[in-house]
Amino acid sequence: MTYKESMAYIQGFSKSGSPVKNLSRIKSLLNEIDNPQDKMKFVHIAGTNGKGSTLSLSSAAAIEAGFKVGQFTSPYMIRYNDRIRINNEDISDENIAELCTIISKCHIAPECSQFEITFAIALLYFLQEKCDIVFLETGLGGLLDATNVIKDPLVSVITSISPDHTNILGETIQEIAMHKAGIIKQGCPVILSADNDETISSIVAEVASKKNSDLKIPDFNDCRIIDESLDGTIFQYHSIDYTIKMPGIHQIYNALTAIEIVRILSMHGYLISASNVADAFEKVCVPARIQQIDNNPPILLDGSHNQGSIIALTDVLRMSNHSPIVIICGMLRSKDYKTSCHILSQVADYVICIDDFSDLSVPTEELETYFYDSCPVKSMPLNKALPFARELIGDSNGIIAISGSLYLASCYFKKNDFDTL
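Last residue of the sequence shown: number 421 in this note's numbering, and the count goes up by one each step with no gaps.
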(Lines of atoms letter the chains of each structure in order from A; the text may use other names.)
(Lines give C-alpha, C1' and ligand atoms only; values in the text may rest on other atoms or scores of the structure.)
Protein backbone atom coordinates (compact mmCIF):
# COMPACT_ATOMS: atom_id res chain seq x y z
CA MET A 1 0.00 0.00 0.00
CA THR A 2 1.00 3.60 -0.59
CA TYR A 3 0.19 6.24 2.02
CA LYS A 4 -2.77 7.43 -0.08
CA GLU A 5 -4.06 3.88 -0.37
CA SER A 6 -3.57 3.35 3.37
CA MET A 7 -5.58 6.44 4.24
CA ALA A 8 -8.37 5.37 1.89
CA TYR A 9 -8.36 1.96 3.58
CA ILE A 10 -8.44 3.43 7.11
CA GLN A 11 -11.15 5.96 6.26
CA GLY A 12 -13.26 3.15 4.87
CA PHE A 13 -13.93 2.03 8.46
CA SER A 14 -16.45 3.69 10.75
CA LYS A 15 -14.88 5.51 13.70
CA SER A 16 -16.16 3.12 16.37
CA GLY A 17 -17.49 0.17 14.37
CA SER A 18 -20.39 -1.96 15.55
CA PRO A 19 -21.04 -1.82 19.33
CA VAL A 20 -18.86 -4.13 21.42
CA LYS A 21 -19.71 -6.00 24.62
CA ASN A 22 -16.15 -7.18 25.25
CA LEU A 23 -12.62 -6.81 23.89
CA SER A 24 -12.65 -9.97 21.78
CA ARG A 25 -12.46 -8.11 18.45
CA ILE A 26 -9.36 -6.07 19.23
CA LYS A 27 -7.79 -9.09 20.96
CA SER A 28 -8.28 -11.16 17.80
CA LEU A 29 -6.71 -8.42 15.67
CA LEU A 30 -3.69 -8.06 17.94
CA ASN A 31 -3.28 -11.81 18.23
CA GLU A 32 -2.86 -11.98 14.44
CA ILE A 33 0.11 -9.56 14.70
CA ASP A 34 1.71 -11.40 17.62
CA ASN A 35 0.36 -9.22 20.45
CA PRO A 36 2.73 -6.24 20.41
CA GLN A 37 0.95 -4.79 23.48
CA ASP A 38 2.44 -7.54 25.64
CA LYS A 39 6.00 -6.47 24.83
CA MET A 40 5.93 -2.84 25.98
CA LYS A 41 5.41 -0.70 29.09
CA PHE A 42 2.47 1.71 29.31
CA VAL A 43 0.97 4.66 31.12
CA HIS A 44 -2.77 4.27 30.47
CA ILE A 45 -4.93 7.42 30.65
CA ALA A 46 -8.74 7.64 30.70
CA GLY A 47 -11.13 10.45 31.61
CA THR A 48 -13.64 12.84 30.09
CA ASN A 49 -11.46 15.95 30.02
CA GLY A 50 -7.74 16.51 30.49
CA LYS A 51 -6.46 13.26 28.96
CA GLY A 52 -4.50 14.97 26.21
CA SER A 53 -3.01 17.65 28.44
CA THR A 54 -2.06 15.17 31.17
CA LEU A 55 -0.48 12.87 28.58
CA SER A 56 1.43 15.74 26.98
CA LEU A 57 2.75 17.05 30.30
CA SER A 58 3.82 13.68 31.72
CA SER A 59 5.27 12.32 28.46
CA ALA A 60 7.20 15.59 27.97
CA ALA A 61 8.88 15.03 31.34
CA ALA A 62 9.94 11.52 30.30
CA ILE A 63 11.27 12.87 27.00
CA GLU A 64 13.17 15.60 28.87
CA ALA A 65 14.81 12.88 30.97
CA GLY A 66 16.10 11.18 27.82
CA PHE A 67 13.60 8.36 27.28
CA LYS A 68 12.17 7.29 23.94
CA VAL A 69 8.46 7.87 24.39
CA GLY A 70 5.49 6.69 22.33
CA GLN A 71 2.40 8.91 22.44
CA PHE A 72 -1.04 7.76 21.30
CA THR A 73 -3.86 10.33 21.34
CA SER A 74 -7.19 11.03 19.70
CA PRO A 75 -8.59 12.65 17.71
CA TYR A 76 -5.98 14.09 15.38
CA MET A 77 -5.83 17.88 15.01
CA ILE A 78 -4.11 18.52 11.68
CA ARG A 79 -3.64 15.17 9.97
CA TYR A 80 -4.06 11.51 10.81
CA ASN A 81 -0.36 11.05 11.58
CA ASP A 82 -0.36 13.37 14.60
CA ARG A 83 -2.22 10.91 16.83
CA ILE A 84 0.76 8.49 16.69
CA ARG A 85 4.02 10.11 17.79
CA ILE A 86 7.42 9.30 19.25
CA ASN A 87 9.06 12.10 21.23
CA ASN A 88 6.54 14.54 19.73
CA GLU A 89 7.39 13.56 16.13
CA ASP A 90 4.49 12.30 14.02
CA ILE A 91 4.64 8.84 12.48
CA SER A 92 5.83 9.14 8.85
CA ASP A 93 3.66 8.48 5.80
CA GLU A 94 6.00 5.62 4.92
CA ASN A 95 5.55 3.95 8.30
CA ILE A 96 1.79 4.23 8.08
CA ALA A 97 1.80 2.67 4.61
CA GLU A 98 4.06 -0.18 5.73
CA LEU A 99 2.17 -0.99 8.93
CA CYS A 100 -1.29 -0.51 7.46
CA THR A 101 -0.38 -3.08 4.80
CA ILE A 102 0.38 -5.56 7.58
CA ILE A 103 -2.87 -4.86 9.41
CA SER A 104 -4.97 -5.08 6.24
CA LYS A 105 -3.89 -8.69 5.79
CA CYS A 106 -5.39 -9.76 9.13
CA HIS A 107 -8.50 -11.90 8.79
CA ILE A 108 -10.43 -10.01 11.48
CA ALA A 109 -9.54 -6.53 10.10
CA PRO A 110 -12.71 -6.05 7.98
CA GLU A 111 -14.82 -6.36 11.15
CA CYS A 112 -12.86 -3.75 13.11
CA SER A 113 -13.34 -0.02 13.71
CA GLN A 114 -11.12 2.79 12.48
CA PHE A 115 -9.91 3.30 16.05
CA GLU A 116 -8.93 -0.37 16.41
CA ILE A 117 -7.03 -0.31 13.11
CA THR A 118 -5.24 2.87 14.16
CA PHE A 119 -4.41 1.46 17.59
CA ALA A 120 -2.91 -1.67 16.03
CA ILE A 121 -0.78 0.43 13.68
CA ALA A 122 0.43 2.50 16.65
CA LEU A 123 1.39 -0.56 18.69
CA LEU A 124 3.39 -2.06 15.82
CA TYR A 125 5.13 1.26 15.31
CA PHE A 126 6.05 1.75 18.98
CA LEU A 127 7.38 -1.80 19.18
CA GLN A 128 9.30 -1.51 15.92
CA GLU A 129 10.94 1.71 17.11
CA LYS A 130 11.76 0.21 20.54
CA CYS A 131 10.09 2.82 22.71
CA ASP A 132 11.12 2.81 26.36
CA ILE A 133 7.57 3.62 27.41
CA VAL A 134 4.23 4.38 25.75
CA PHE A 135 1.70 6.93 26.97
CA LEU A 136 -1.69 5.67 25.88
CA GLU A 137 -4.93 7.67 25.79
CA THR A 138 -8.25 5.86 25.65
CA GLY A 139 -10.55 6.61 22.77
CA LEU A 140 -13.91 6.32 24.53
CA GLY A 141 -14.67 5.29 28.10
CA GLY A 142 -12.24 2.72 29.44
CA LEU A 143 -13.74 -0.64 30.27
CA LEU A 144 -14.60 -1.55 26.67
CA ASP A 145 -12.10 0.74 24.97
CA ALA A 146 -9.70 -1.03 22.60
CA THR A 147 -6.70 0.29 24.55
CA ASN A 148 -7.86 -1.67 27.59
CA VAL A 149 -6.26 -4.83 26.19
CA ILE A 150 -2.99 -3.87 27.89
CA LYS A 151 -2.51 -6.11 30.91
CA ASP A 152 -0.29 -4.44 33.49
CA PRO A 153 0.33 -0.72 32.96
CA LEU A 154 2.97 0.94 35.07
CA VAL A 155 0.18 3.25 36.20
CA SER A 156 -3.48 3.77 35.31
CA VAL A 157 -4.64 7.38 35.23
CA ILE A 158 -8.15 8.83 35.40
CA THR A 159 -8.49 12.53 34.70
CA SER A 160 -11.55 14.75 35.21
CA ILE A 161 -14.88 12.98 34.67
CA SER A 162 -18.06 14.72 33.52
CA PRO A 163 -21.08 13.79 31.35
CA ASP A 164 -20.16 12.94 27.74
CA HIS A 165 -20.96 10.11 25.32
CA THR A 166 -23.93 9.30 27.55
CA ASN A 167 -25.54 7.19 24.81
CA ILE A 168 -22.63 4.74 25.16
CA LEU A 169 -21.23 5.18 28.68
CA GLY A 170 -24.47 5.73 30.58
CA GLU A 171 -26.77 8.58 31.58
CA THR A 172 -25.45 9.02 35.14
CA ILE A 173 -22.06 10.18 36.35
CA GLN A 174 -21.81 6.94 38.35
CA GLU A 175 -22.15 4.83 35.20
CA ILE A 176 -19.59 6.95 33.37
CA ALA A 177 -17.16 6.71 36.29
CA MET A 178 -17.47 2.92 36.31
CA HIS A 179 -16.52 2.81 32.63
CA LYS A 180 -13.48 5.00 33.23
CA ALA A 181 -12.47 2.94 36.27
CA GLY A 182 -12.51 -0.10 34.02
CA ILE A 183 -8.87 0.59 33.09
CA ILE A 184 -7.72 -0.17 36.66
CA LYS A 185 -5.75 -3.43 36.67
CA GLN A 186 -4.99 -5.91 39.43
CA GLY A 187 -2.10 -4.69 41.56
CA CYS A 188 -1.29 -1.70 39.32
CA PRO A 189 -1.30 1.79 40.90
CA VAL A 190 -3.93 4.30 39.84
CA ILE A 191 -3.99 8.10 39.95
CA LEU A 192 -7.25 10.06 40.02
CA SER A 193 -7.33 13.78 39.21
CA ALA A 194 -8.05 15.90 42.28
CA ASP A 195 -10.88 17.85 40.62
CA ASN A 196 -13.31 14.92 40.71
CA ASP A 197 -16.11 15.06 43.26
CA GLU A 198 -16.70 12.67 46.14
CA THR A 199 -19.14 10.50 44.17
CA ILE A 200 -16.53 9.77 41.52
CA SER A 201 -13.70 9.42 44.03
CA SER A 202 -15.61 6.83 46.03
CA ILE A 203 -16.40 4.76 42.93
CA VAL A 204 -12.78 4.78 41.78
CA ALA A 205 -11.58 4.00 45.31
CA GLU A 206 -13.93 1.02 45.54
CA VAL A 207 -12.74 -0.41 42.20
CA ALA A 208 -9.10 0.20 43.16
CA SER A 209 -9.63 -1.59 46.49
CA LYS A 210 -11.16 -4.61 44.76
CA LYS A 211 -8.21 -4.72 42.35
CA ASN A 212 -5.67 -4.29 45.17
CA SER A 213 -4.44 -1.14 43.42
CA ASP A 214 -2.89 1.74 45.33
CA LEU A 215 -4.94 4.89 44.67
CA LYS A 216 -3.27 8.30 44.64
CA ILE A 217 -5.20 11.58 44.47
CA PRO A 218 -2.91 14.63 44.29
CA ASP A 219 -3.19 16.94 47.28
CA PHE A 220 -4.47 20.23 45.90
CA ASN A 221 -4.15 21.76 49.37
CA ASP A 222 -0.38 21.48 48.90
CA CYS A 223 -0.61 23.57 45.73
CA ARG A 224 -0.14 27.34 45.79
CA ILE A 225 -0.95 29.45 42.74
CA ILE A 226 1.67 32.16 42.35
CA ASP A 227 0.47 33.83 39.16
CA GLU A 228 -2.17 33.14 36.49
CA SER A 229 -3.02 34.80 33.20
CA LEU A 230 -3.94 33.92 29.61
CA ASP A 231 -0.24 33.15 29.10
CA GLY A 232 -0.35 30.34 31.64
CA THR A 233 0.15 29.70 35.33
CA ILE A 234 2.97 29.59 37.84
CA PHE A 235 2.28 27.37 40.83
CA GLN A 236 4.09 25.57 43.63
CA TYR A 237 3.52 21.92 44.51
CA HIS A 238 5.44 20.02 47.19
CA SER A 239 7.60 23.18 47.57
CA ILE A 240 8.71 23.10 43.91
CA ASP A 241 7.81 25.86 41.43
CA TYR A 242 6.33 24.95 38.04
CA THR A 243 5.24 27.02 35.04
CA ILE A 244 2.68 25.81 32.54
CA LYS A 245 1.84 27.69 29.35
CA MET A 246 -1.80 26.61 29.25
CA PRO A 247 -4.23 28.83 31.21
CA GLY A 248 -6.89 27.74 33.66
CA ILE A 249 -7.07 26.03 37.04
CA HIS A 250 -8.06 22.81 35.27
CA GLN A 251 -4.57 22.68 33.78
CA ILE A 252 -3.09 22.87 37.26
CA TYR A 253 -5.07 19.76 38.17
CA ASN A 254 -3.73 18.07 35.02
CA ALA A 255 -0.20 19.13 35.92
CA LEU A 256 -0.50 17.72 39.45
CA THR A 257 -1.69 14.43 37.97
CA ALA A 258 1.29 14.45 35.59
CA ILE A 259 3.68 15.06 38.49
CA GLU A 260 2.26 12.04 40.32
CA ILE A 261 2.61 9.94 37.15
CA VAL A 262 6.29 10.85 37.02
CA ARG A 263 6.69 9.94 40.68
CA ILE A 264 5.37 6.44 40.06
CA LEU A 265 7.47 6.04 36.91
CA SER A 266 10.57 6.89 38.94
CA MET A 267 9.66 4.08 41.33
CA HIS A 268 9.70 1.76 38.30
CA GLY A 269 13.22 2.85 37.34
CA TYR A 270 12.36 5.67 34.93
CA LEU A 271 14.42 8.30 36.67
CA ILE A 272 12.88 11.69 35.93
CA SER A 273 14.04 14.59 38.08
CA ALA A 274 11.98 17.51 39.34
CA SER A 275 14.05 19.78 37.08
CA ASN A 276 13.18 17.54 34.11
CA VAL A 277 9.50 17.99 34.96
CA ALA A 278 9.76 21.76 35.44
CA ASP A 279 11.74 22.23 32.20
CA ALA A 280 9.29 20.04 30.26
CA PHE A 281 6.16 21.75 31.57
CA GLU A 282 7.33 25.15 30.30
CA LYS A 283 7.47 23.77 26.73
CA VAL A 284 4.09 22.04 26.55
CA CYS A 285 1.21 23.62 24.64
CA VAL A 286 -1.57 21.27 23.61
CA PRO A 287 -3.42 22.54 20.52
CA ALA A 288 -6.98 23.81 20.99
CA ARG A 289 -6.96 23.61 24.78
CA ILE A 290 -7.84 27.25 25.49
CA GLN A 291 -4.93 28.10 23.23
CA GLN A 292 -4.22 31.80 22.64
CA ILE A 293 -3.69 32.14 18.88
CA ASP A 294 -3.61 35.92 18.74
CA ASN A 295 -3.32 38.76 21.22
CA ASN A 296 -4.67 41.82 19.41
CA PRO A 297 -7.41 41.24 20.39
CA PRO A 298 -6.86 38.05 22.41
CA ILE A 299 -8.32 35.06 20.56
CA LEU A 300 -8.69 31.71 22.32
CA LEU A 301 -9.09 28.53 20.27
CA ASP A 302 -10.69 25.78 22.31
CA GLY A 303 -12.08 22.35 21.51
CA SER A 304 -14.42 22.28 24.52
CA HIS A 305 -17.51 20.21 23.73
CA ASN A 306 -18.94 18.98 27.03
CA GLN A 307 -20.06 20.42 30.34
CA GLY A 308 -16.74 20.11 32.18
CA SER A 309 -14.57 21.61 29.45
CA ILE A 310 -17.04 24.43 28.70
CA ILE A 311 -17.01 25.38 32.39
CA ALA A 312 -13.21 25.44 32.30
CA LEU A 313 -13.33 27.84 29.34
CA THR A 314 -15.82 30.17 31.02
CA ASP A 315 -13.67 30.23 34.17
CA VAL A 316 -10.69 31.38 32.10
CA LEU A 317 -12.77 34.02 30.32
CA ARG A 318 -13.91 35.40 33.68
CA MET A 319 -10.34 35.34 35.02
CA SER A 320 -9.07 37.28 31.99
CA ASN A 321 -11.04 40.43 32.95
CA HIS A 322 -11.56 41.22 29.26
CA SER A 323 -14.79 42.80 28.06
CA PRO A 324 -16.76 42.35 25.88
CA ILE A 325 -16.55 38.56 25.48
CA VAL A 326 -17.46 37.40 21.98
CA ILE A 327 -17.88 33.65 21.44
CA ILE A 328 -17.85 31.91 18.06
CA CYS A 329 -19.65 28.64 18.68
CA GLY A 330 -20.26 25.52 16.63
CA MET A 331 -21.17 22.12 18.08
CA LEU A 332 -21.92 18.57 16.98
CA ARG A 333 -25.30 16.92 17.38
CA SER A 334 -23.73 14.07 19.35
CA LYS A 335 -22.81 16.44 22.20
CA ASP A 336 -24.90 18.04 24.94
CA TYR A 337 -25.04 21.34 23.10
CA LYS A 338 -28.06 22.59 25.05
CA THR A 339 -26.20 22.59 28.37
CA SER A 340 -23.03 23.99 26.74
CA CYS A 341 -24.97 26.92 25.26
CA HIS A 342 -26.54 27.70 28.63
CA ILE A 343 -23.12 27.74 30.30
CA LEU A 344 -21.59 29.95 27.60
CA SER A 345 -24.54 32.36 27.91
CA GLN A 346 -23.45 33.15 31.46
CA VAL A 347 -20.26 34.89 30.27
CA ALA A 348 -20.90 35.85 26.64
CA ASP A 349 -21.69 39.43 25.62
CA TYR A 350 -22.24 38.30 22.03
CA VAL A 351 -22.43 34.90 20.33
CA ILE A 352 -21.81 34.00 16.69
CA CYS A 353 -23.18 30.59 15.70
CA ILE A 354 -21.70 28.59 12.83
CA ASP A 355 -22.50 25.18 11.37
CA ASP A 356 -20.51 24.83 8.12
CA PHE A 357 -17.44 23.17 9.68
CA SER A 358 -18.93 19.64 9.74
CA ASP A 359 -21.80 17.66 8.25
CA LEU A 360 -22.60 16.57 11.83
CA SER A 361 -22.94 20.08 13.28
CA VAL A 362 -26.05 21.47 14.92
CA PRO A 363 -27.84 23.82 12.49
CA THR A 364 -27.32 27.42 13.53
CA GLU A 365 -31.05 28.17 13.66
CA GLU A 366 -31.39 25.49 16.33
CA LEU A 367 -28.16 26.29 18.18
CA GLU A 368 -29.25 29.93 18.53
CA THR A 369 -32.33 28.95 20.53
CA TYR A 370 -30.33 27.52 23.44
CA PHE A 371 -28.55 30.75 24.31
CA TYR A 372 -30.22 32.98 26.88
CA ASP A 373 -32.47 35.76 25.52
CA SER A 374 -30.24 38.28 27.28
CA CYS A 375 -27.31 37.22 25.09
CA PRO A 376 -27.30 38.66 21.53
CA VAL A 377 -26.84 35.87 18.94
CA LYS A 378 -26.13 35.98 15.22
CA SER A 379 -25.44 33.19 12.70
CA MET A 380 -23.11 33.37 9.74
CA PRO A 381 -20.68 31.26 7.65
CA LEU A 382 -17.41 30.23 9.24
CA ASN A 383 -15.28 32.46 7.02
CA LYS A 384 -17.18 35.57 8.11
CA ALA A 385 -17.33 34.84 11.83
CA LEU A 386 -13.89 35.98 12.93
CA PRO A 387 -13.82 39.23 10.91
CA PHE A 388 -17.25 40.07 12.34
CA ALA A 389 -16.06 39.26 15.87
CA ARG A 390 -13.06 41.55 15.39
CA GLU A 391 -15.42 44.35 14.33
CA LEU A 392 -17.51 43.83 17.46
CA ILE A 393 -14.40 44.07 19.64
CA GLY A 394 -13.06 47.16 17.87
CA ASP A 395 -10.64 49.09 20.08
CA SER A 396 -12.14 47.80 23.32
CA ASN A 397 -10.58 45.47 25.88
CA GLY A 398 -12.52 42.57 24.43
CA ILE A 399 -11.69 38.92 23.86
CA ILE A 400 -12.82 36.30 21.32
CA ALA A 401 -13.25 32.59 22.08
CA ILE A 402 -13.76 30.01 19.32
CA SER A 403 -15.24 26.91 20.90
CA GLY A 404 -17.68 24.00 20.81
CA SER A 405 -15.87 21.26 18.91
CA LEU A 406 -12.44 19.82 18.21
CA TYR A 407 -13.60 19.51 14.60
CA LEU A 408 -14.09 23.26 14.52
CA ALA A 409 -10.66 23.81 16.07
CA SER A 410 -9.14 21.46 13.51
CA CYS A 411 -10.44 23.72 10.73
CA TYR A 412 -8.19 26.48 12.05
CA PHE A 413 -5.09 24.33 12.03
CA LYS A 414 -5.78 23.00 8.55
CA LYS A 415 -6.36 26.44 7.05
CA ASN A 416 -4.22 28.35 9.58
CA ASP A 417 -6.45 31.39 9.39
CA PHE A 418 -10.20 31.59 9.90
CA ASP A 419 -10.30 34.81 7.89
CA THR A 420 -9.41 32.91 4.70
CA LEU A 421 -11.65 29.86 5.18
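All C-beta atoms, glycine included, are put in the ideal place defined by N, C-alpha and C. Given the structure is predicted, the values throughout are model-derived calculations rather than measurements.
Check	Outcome
THR2 classed as buried or exposed, judged by whether at least 16 other C-beta atoms fall within 10 angstroms	exposed
Outcome for PRO218 when other beta-carbon atoms lying within 10 angstroms are tallied against a minimum of 16	buried
Where LYS185 falls, given that 16 or more other Cβ within 10 Å makes a residue buried	buried
Status (buried if at least 16 other CB within 10 Å, exposed otherwise) for ILE225	exposed
Complete beta strand (DSSP E) runs within the stretch 127-168 (minimum length 3 residues, chain order)	133-137 and 155-158
Cβ-Cβ distance between PHE42 and LEU154 below 8 angstroms	yes
Backbone secondary structure at THR172 - three-state DSSP	coil
Inter-stretch contact (C-beta, 8 angstroms, three-pair minimum) for the stretch 12-32 and the stretch 97-116	yes
Length of the line joining the Cα atoms of ALA62 and ILE259	11 angstroms
Coarse secondary structure for GLY308, derived from DSSP in three states	helix
Burial state of HIS44 (16 or more Cβ within 10 Å)	buried
Where the alpha helix (DSSP H) through CYS100 begins and ends	93-104
Environment of PRO297 [buried if 16+ CB atoms lie within 10 Å]	buried
Integer Cβ distance of ARG25 from GLU94, believed to fall under 8 angstroms	The Cβ separation is near 28 angstroms, so there is no contact.
Distance, GLN174 Cα to HIS322 Cα	37 angstroms
The beta strand (DSSP E) enclosing THR199, as first and last residue numbers	That residue, THR199, is in no beta strand (DSSP E); its alpha helix (DSSP H) goes 198-210.
ASN254 burial status per 10 Å Cβ neighbour count (16 or more: buried)	buried
Buried versus exposed call for PRO189 [16 or more other C-beta atoms within 10 Å across all chains shown]	buried
Same chain, Cβ closer than 8 angstroms to LYS314, neighbours up to 5 away in sequence not counted	The identity of residue 314 in the sequence shown is Thr, whereas the question assumes Lys. ILE343, LEU344, GLN346 and VAL347, listed in sequence order.
Whole-angstrom distance between ILE327 and ILE393, CA atom to CA atom	11 angstroms
Buried or exposed by the 16-neighbour rule on C-beta atoms within 10 Å, applied to MET267	exposed
Residues bridged to HIS233 [DSSP beta-bridge criterion]	According to the sequence provided, residue 233 is Thr. The question's His does not apply to it. THR233 pairs with GLU228 and ILE244.
Exposure label - GLY50; buried when at least 16 CB within 10 Å	buried
GLY52 versus VAL286 - alpha carbon distance	7 angstroms
CYS285 - containing beta strand (DSSP E), residue span	No beta strand (DSSP E) contains CYS285, which DSSP labels as neither H nor E.
Reduced DSSP secondary structure (H/G/I, E/B, other) of GLN438	In the structure as shown, the chain begins at 1 and stops at 421. Residue 438 is therefore absent and cannot be evaluated.
Test item: CB-CB of ALA65 and ASN276 under 8 angstroms	yes
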